[in-house]
Amino acid sequence: MRKFIIDTDTASDDAVALVMALRQPDIDVKAITVVAGNVPLPQALQNALYTVELCGASVPVYAGCAKPLLRDLETAEVVHGKDGMGDIGLPLQGRQPAPGHAADMLRQTINENAGDITLVTLGPLTNVALALLREPELARKVGRCFIMGGVGAGHGNVTPTAEFNIWVDPEAARIVYESGMAITMVGWDISWRHATFDAEQAGEIRRIGTPLAEFVIDIQATLTDFAMRENALAGFDLPDPITMAAAIDPDVCTYERYRVDVTTGDGLARGITVVDRLGVTGREANVDVAESADRASFVEMLRRSVS
């Protein structure tokens, strides 16, 4: 069994990624740690707890940071709905997380499984950065960290050049990217190019007919409208699930190794992942950047997880 920790700001696409991991027979999800991002922390916690329950899993879910390290929290309810799950009336309240802070649980679980943990981050990197600030050597104990964040090539989704997860807490992202951790970055460009579902493609998943198949499509209701209106896509896209697919099977994507730095300014300078493709900085490469993805493999993995 491969050992995963998933750090998430649970909204509609995060929930699909959780389903994929929790339903994968050879993966033992040791912990789910939750951070504020897409929605405030209390809602993100309820969404994660509900998804774990729906999958019939027994995985501890821990509350983490309710705001970025140095900035006020800016959320994405306009994208994912007020409840983060498409505002379709799900019972997203009343569940209790496990005791303990997410950053401490990250440290404990990684130390207990040093070298064997795959860390998958689906939201702002605040929890991970806090764990690293408390214990910098933790970076060398993570087998590999798959980050849904940034942009490998092309445009952003919150500014012309920045992706939401990095933009929300760029200071945390810089700490993680400069930590020495073995990082694979699956940027938003991979999602909109390879993980967008139009109405017909979404219908094919929903017609599998299981409660999970209906769930993973129905919760994209507000995301679908936003993605078509604001991102000029044919339907909703699933950045967190395609990142999870890469973590489950790295051959889903192809990669190149580059130097990646994170800008921590304001305005248009905030939260850019600067990918040094030509090596002009002369700095050592530190990130495996996803360049393309096998959509058929991703969709098949998604179908299996809900079937």
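Its first residue numbered 1, the sequence shown is counted upward by one per residue in my numbering. Glycine included, each C-beta is placed from N, C-alpha and C at the ideal position.
For residue i, three-class secondary structure by DSSP
i	result
H155	coil
L223	helix
S191	helix
P170	helix
A162	coil
I117	strand
K30	strand
I183	strand
R140	helix
E214	helix
R134	helix
Residue i, buried or exposed, once every other Cβ within 10 Å from all chains shown has been counted against 16
i	result
Q220	buried
Q43	buried
R229	exposed
Q46	buried
V280	exposed
Q24	buried
T254	exposed
L41	buried
S307	exposed
D251	exposed
M244	buried
L268	exposed
M301	buried
S191	buried
A232	exposed
D169	buried
R174	buried
M1	exposed
8 angstroms contact criterion, which residue i and residue j should meet: CB distance rounded
i	j	result
P86	D198	With the sequence shown as reference, residue 86 is identified as Gly, and Pro is not the correct amino acid for it. Not really, about 17 angstroms apart at Cβ, beyond 8 angstroms.
I147	T118	Actually they do not touch by this definition, with Cβ atoms about 12 angstroms apart.
G84	S12	7 angstroms
A36	D7	At roughly 12 angstroms, the Cβ-Cβ gap does not stay under 8 angstroms, so A36 and D7 are not in contact.
Residues bridged to residue i [DSSP beta-bridge criterion]
i	result
E53	Paired residues: none, contrary to the question.
R259	D276
K3	D28 and I117
M228	Paired residues: none, contrary to the question.
R207	R207 pairs with nothing; no bridge assigned.
**Request:** Tell me, please, whether the segment 267–286 touches the segment 148–168 by the rule of three or more beta-carbon pairs shorter than 8 angstroms.
**Result:** Yes, they touch.
**Prompt:** Touch check for the segment 100–112 and the segment 27–39: three-plus C-beta pairs under 8 angstroms?
**Reply:** Taking 8 angstroms as the limit for Cβ pairs, the verdict is that the segment 27–39 does touch the segment 100–112.
**Request:** May I ask you to verify whether the segment 132–144 touches the segment 74–83, counting CB pairs closer than 8 angstroms and requiring at least 3?
**Result:** The segment 132–144 vs the segment 74–83: no contact.
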